[in-house]
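Participant: Just so it is clear: in the sequence shown, position 132 is 134 by my numbering, and no numbers are missing.
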Amino acid sequence: MRRPLRTILLKSIMPAVAFGLFLAVVSISAAVAQEMVLCPLPPGEPVVDLYIDEGPIRFDHDVTQAQIEALYREEGSLTHGVLGHPVGLTRMGVKFDIRTELRPLRLPTGLYCLWLVRVDALLRYADTVIYIDRRFEPGSCQYETVLDHEYTHIAINREMLRLHAPRIRMALAEAVRRINPVVVEDLFRDRDQPIALLQAAVEAELNAFNQARDQANSTIDTPDNYRRTQALCSNW
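1. Arg-229: buried (16+ other C-beta within 10 angstroms of its C-beta) or exposed?
2. Between which two residues does the alpha helix (DSSP H) containing His-166 stretch?
3. DSSP on Thr-224, reduced to helix/strand/coil?
4. Does the region 116-133 come into contact with the region 213-228, if we say contact requires no fewer than three beta-carbon pairs (one atom in each stretch) closer than 8 Å?
5. So, with DSSP's three-state summary, where would you put Thr-111?
6. Grouping DSSP H, G and I as helix and E and B as strand, with all else coil, what is Glu-205?
7. Looking at Glu-59: is its Cβ nearer than 7 Å to the Cβ of Leu-163?
8. Taking only the alpha-carbon atoms, compute the straight-line gap between Gly-46 and Asn-182 and give it to the nearest angstrom.
9. Give me the Cβ distance between Ile-170 and Phe-211, rounded to the nearest whole Å; I'm assuming they're in contact under 8 Å.
10. Taking the alpha helix (DSSP H) that Arg-75 belongs to, which residues open and close that run?
11. Do the region 174-189 and the region 110-128 make contact, defined as three or more Cβ pairs closer than 8 Å?
12. Report the three-state DSSP secondary structure of Ala-233 (helix, strand or coil).
13. State buried or exposed for Val-49, treating a residue as buried only when at least 16 other CB atoms are found within 10 Å of its CB.
14. Leaving out five residues on either side along the sequence, give the residues of the same chain with a beta carbon under 8 Å from the beta carbon of Cys-143.
15. Using DSSP with H/G/I as helix, E/B as strand and the rest coil, what is Leu-12?
16. Determine, using beta carbons only, whether Leu-174 and Ala-214 come nearer to each other than 7 Å.
17. Going by the CB atoms, is the gap between Val-204 and Val-121 shorter than 7 Å?
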């Protein structure tokens, strides 16, 4: 049976929120654990795929400098920027979706062996918005300079996505091999346990991905770099 996509939302600028609840909700009784030895051989090697999606970019040129600064503070970021004030900002969300195909087998005791036969995961950017101070006319030196800076952030985030996707897929594939099969007491109630286990298994790699993005982006958001940016134009 094919399960619907389940989504975890991670913060894109601040470090990712840990998903600590998953291991707690998938504990099984000793009786269920003993039953695992009764599961037959797997139906075949499970297929594990992970896809990435850089997502579209939306532009918001109708914001004031004060509104951009408020967005910075909302994310908990320092506000350097040109002349000490942020005049542009890129915000994005990170989503990780898992869909599983399961093959259940009912045991004589009434328990179920759930075999993962296919796992499809999607790591994607969502709701990407570039904000630019509305004082700067499109085509002006200030507008183009801010836009170039924000496009650099976009490029960094996309590079981190491509770099970390194979590591996350590897963690996912290893988790599938480790947990297969999942033994449950109630097929309807417990059918999402494999997804919860997989989410917990890739948590560390997802956190590492977010931390790497934050670190890479911070290399261009420095006072020295902002001073160089400011020197490119006059009349900020």
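Note that CB positions come from ideal geometry on N, CA and C, so glycine has one too.
Quick caveat: nothing in here was measured; it's all calculated off a predicted structure.
Facilitator: Per the coordinate set shown:
1. For this step, residue 229 is matched to residue 227 along the sequence shown. Exposed: under 16 other Cβ atoms inside 10 Å.
2. Locating residue 166 in the sequence shown gives position 164, counting from the first residue. Per DSSP, His-166 belongs to the alpha helix (DSSP H) from 143-181.
3. To locate residue 224, count along the sequence shown from 1; it is residue 222. Of the three classes helix, strand and coil, the one that applies to Thr-224 here is coil, per DSSP.
4. Contact check between the region 116-133 and the region 213-228: fewer than three CB pairs, one atom from each, fall below 8 Å, which does not count as touching.
5. Counting from one through the sequence shown, the residue named residue 111 turns up at place 109. The answer is coil: DSSP assigns Thr-111 none of H, G, I, E or B.
6. Here the question's residue 205 lines up with position 203 in the sequence shown. For Glu-205, the three-state secondary structure derived from DSSP is helix.
7. Position 57 of the sequence shown, counted from the first residue, corresponds to residue 59. Position 161 of the sequence shown, counted from the first residue, corresponds to residue 163. Note that residue 59 corresponds to Ile in the displayed sequence, not to Glu. At the C-beta level, Ile-59 and Leu-163 stay beyond 7 Å of one another.
8. As a working note, residue 46 is residue 44 in the sequence shown. As a working note, residue 182 is residue 180 in the sequence shown. Rounded to whole angstroms, Gly-46 to Asn-182 spans 11 Å at the Cα level.
9. Numbered from 1 along the sequence shown, position 168 holds the residue referred to as residue 170. Numbered from 1 along the sequence shown, position 209 holds the residue referred to as residue 211. About 7 Å; that satisfies the 8 Å criterion.
10. As a position in the sequence shown, residue 75 is number 73, starting the count at 1. Where Arg-75 is concerned, the enclosing alpha helix (DSSP H) starts and stops at 67-76.
11. In short, these stretches touch, since the Cβ pair count reaches three.
12. Within the sequence shown, numbered from 1, the residue matching residue 233 stands at position 231. DSSP places Ala-233 outside both helix and strand once states are collapsed to three, so it counts as coil.
13. The residue labelled residue 49 in the question sits at position 47 within the sequence shown. By the neighbour-count rule (16 or more Cβ atoms within 10 Å), Val-49 is not buried but exposed.
14. Taking the first residue of the sequence shown as position 1, residue 143 is located at position 141. Once the five neighbours on either side are set aside, the close Cβ partners of Cys-143 are Leu-234, Cys-235, Ser-236.
15. Mapped onto the sequence shown, residue 12 falls at position 10. Caution applies to Leu-12, whose pLDDT of 35 falls short of 50 and renders its modelled position unreliable; the value that the coordinates give is listed next. Here Leu-12 sits in strand by DSSP.
16. For the purposes of this step, residue 174 is identified with residue 172 of the sequence shown, where counting begins at 1. For the purposes of this step, residue 214 is identified with residue 212 of the sequence shown, where counting begins at 1. Annotated as distal: Leu-174 and Ala-214, with beta-carbon spacing of 7 Å or more.
17. Residue mapping note: residue 121 aligns to position 119 of the sequence shown, counting from 1. Residue mapping note: residue 204 aligns to position 202 of the sequence shown, counting from 1. Cβ distance not < 7 Å, so Val-121 and Val-204 don't count as in contact.
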